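Numbering (the working numbering), first residue to last: 152 to 559. C-beta atoms are modelled at their ideal positions from N, C-alpha and C, and glycine is treated no differently. Computed from a prediction, not measured in an experiment: that's the story for all the values here. Report on the following structure.
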């Protein structure tokens, strides 16, 4: 401790701890601490300006050095590095939208369907035959967070490649195998706008007997160092204050899935609906079943979850829902076991299989082939069941009724 006192030129203080800390802080040279100012929080708006591009393998690489993305572009400036990463992430999101439209020939459809010019809006992507394909429809539901339509994980897109981080391989293969495709956008829930500055309230005359000018000078003297230290060193640049305006009937991932089901999936022509739901998408799907159980059972042939975070007990899923999930759903979870190895179930719902990776964000990509094999088998099993059934309560009879009403 003697060395500590010598470094800061402070004699040992036998006083209360609070007084000692105040005395210590008063001796610290704040200017020395703030020599390394944070750069402005302004970043490029395009990949080209960032000096990055995606190569032929779908990997993000620096246009000059050919190196992968480096998060710590500035040492000891974590907030600035994080903001830079987020800015790049927004550009990547727009890049994926372009790929959906140009490479996958998907069409953006605005939500709500009856949106007015003044209100905020979201969107999904549909293949040309998403509503008209009579055989199969694939619905892709991502997890929560910053990811938007067409993405499984932003981290994978930036640090690994487009195949592992986006839904494009699923879309491409689905279209090759004759599926119509719907790409949902469950995290586009609100419009963020800048909050207007609040006027500074005038002090009440009764609050103090001191003149206002004297109180202001006193406050300035007592808090200047503390205020400067916090504003410039700990939080060098103020971020703009924003508020969120929710998108009507799409204000949460659960609302979004319910809306898309009611307005698109339930009106699609496909006899067999298949769903891939990652992480929080699995929770949203179970919530949909709790609200539209009969419809989901009637239309959905199979569900592939990837590291889903659903909980049938917390979500009050009925016994009939649990039984349906056991028969029609599989959950590929993060695990050190080889791909497709059965994993001990935690709850009595869908069987769990290893995704062949312990990384949560990679589970969709690693189980890619297994998912399509599962769908093909489920379709074959369903077709065999329909051919052998003669009862009017089969899913086939419901489909026939649906198709008739659709043609009307």
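- Measuring C-alpha to C-alpha distances from residue 246 to each of 196, 293 and 533 identifies 196 as the nearest.
- With fewer than three CB-CB distances shorter than 8 Å, the stretch 306-317 does not count as touching the stretch 443-461.
- If you ignore the 5 residues before and after residue 487, its C-beta comes within less than 7 Å of the C-beta of 509, all in its own chain and listed in chain order.
- With fewer than 16 other Cβ atoms from the protein chains shown falling within 10 Å of its own Cβ, residue 229 counts as exposed.
- Note that the C-beta distance between residue 286 and residue 332 is not below 9 Å.
- About 21 Å separates the beta carbons of residue 337 and residue 519, which is beyond the 8 Å limit, so they are not a contact pair.
- Distance from the CA of residue 393 to the CA of residue 341, rounded to the nearest whole angstrom, comes to 12 Å.
- Classified as exposed, residue 418 has fewer than 16 neighbouring CB atoms from the shown chains inside 10 Å of its CB.
- Here the alpha carbons of residue 232 and residue 225 stand approximately 7 Å from one another.
- Sequence-distant Cβ neighbours of residue 309 in its own chain, meaning closer than 8 Å and more than five residues away, are 211, 220, 236, 239, 240, 243 and 316.
- Annotation for residue 318: no beta strand (DSSP E) segment contains it, and DSSP assigns it neither H nor E.
- Where residue 209 is concerned, there is no enclosing alpha helix (DSSP H), because DSSP gives it neither an H nor an E.
- Only buried fits residue 302, as 16 or more other CB atoms lie within 10 angstroms of its CB.
- According to the DSSP secondary-structure assignment, residue 341 is paired through a beta bridge with 397.
- The C-beta distance from residue 209 to residue 312 rounds to 4 Å, short enough to meet the 8 Å contact threshold.
- Residue state for residue 460 is assigned as coil, using DSSP reduced to three classes.
- As the crow flies, the alpha-carbon of residue 523 is around 15 Å from that of residue 505.
- In this structure, the beta-carbon distance from residue 442 to residue 409 falls below 9 Å.
- In the DSSP assignment, residue 448 falls within the unbroken alpha helix (DSSP H) covering 444-450.
- In the DSSP assignment, the residues bridged to residue 483 are 457 and 504.
- The C-beta distance from residue 334 to residue 440 rounds to 21 Å, too long to fall under 8 Å, and the pair is not in contact.
- Between residue 425 and residue 481 a beta carbon distance of about 12 Å is seen, past the 8 Å cut, so the two are scored as non-contacting.
- Taking a 10 Å sphere around the C-beta of residue 223, we find fewer than 16 other C-beta atoms and assign the residue as exposed.
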